[in-house]
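Residue numbers (the working numbering): 1 to 120.
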C-alpha cells in the first residue's frame, strides 16, 4: 500500500482534545528517532524534526478545524508516528520522505501551503 492510501485509510473522527494528546506522541516518536540515529547513520533526523514542527504548528490551531480537517490532521500524525510505514523510518535511507509527502498533503488539504516542507 502506498503512503497516500495508508494515510487516507487512517482518517477517523477525532476531537480537538484527542488531537492535542497526539503532541506527546509526536515528541516521544522524535525522542525514539533521535536515539536510533546513533545506530542508523542515514536516518533523516532533520527531516523528522521538520515534520514534527509542521504538525505542532497545525495542532496549535486545531480548535479552528472542522471534523473532516481534524480527521486529516490526525491521520497525518498517526502516519508520522508509525516507524514501519511505506518506507521504514529507521532502516531505509529515504525512510522519512514518505512521511514528508504525507505531511505536505495534510498541509494542502488544510489550506496551509505555507507549511509545506522541502523533500531532499
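No residue lacks a Cβ here, since even glycine has one placed at the ideal position from N, Cα and C. Every value quoted in this text rests on a predicted model; they were computed, and no experiment measured them.
* Asked: Smallest Cα separation from residue 12: which of 62, 66, 72, 48?
  -> Here residue 12 refers to the residue found at position 12 of the chain shown. Residue 12 has its Cα closest to that of 72, out of 62, 66, 72, 48.
* Asked: Residue range of the alpha helix (DSSP H) that residue 88 falls in?
  -> Indexing the chain shown from 1 puts residue 88 at position 88. Segment: none, residue 88 is in no alpha helix (DSSP H) and carries neither H nor E.
* 6 Å Cβ shell around residue 29 - same chain, five flanking residues per side excluded -> The residue given as residue 29 occupies position 29 in the chain shown. The residues are 81.
* **Residue interval of the alpha helix (DSSP H) (run including residue 53)** => As a working note, residue 53 is residue 53 in the chain shown. Counted as a single uninterrupted DSSP element, the alpha helix (DSSP H) harbouring residue 53 occupies residues 45-60.
* 7 Å CB neighbourhood of residue 44 in its chain, flanking five on each side removed -> Residue mapping note: residue 44 aligns to position 44 of the chain shown, counting from 1. 95, 96.
* To do: Starting from the C-beta of residue 116, find all residues in its chain whose C-beta is less than 7 Å away, skip the five residues before and the five after it, and write them out in chain order.
  => Residue mapping note: residue 116 aligns to position 116 of the chain shown, counting from 1. Hits under 7 Å: 104, 107.
* Asked: Under three-state DSSP, which class holds residue 76?
  -> The residue given as residue 76 occupies position 76 in the chain shown. Three-state DSSP puts residue 76 in a helix.
* Three-way DSSP call (helix, strand, coil) for residue 7 in this model -> Taking the first residue of the chain shown as position 1, residue 7 is located at position 7. Reduced to three states, the DSSP call for residue 7 is helix.
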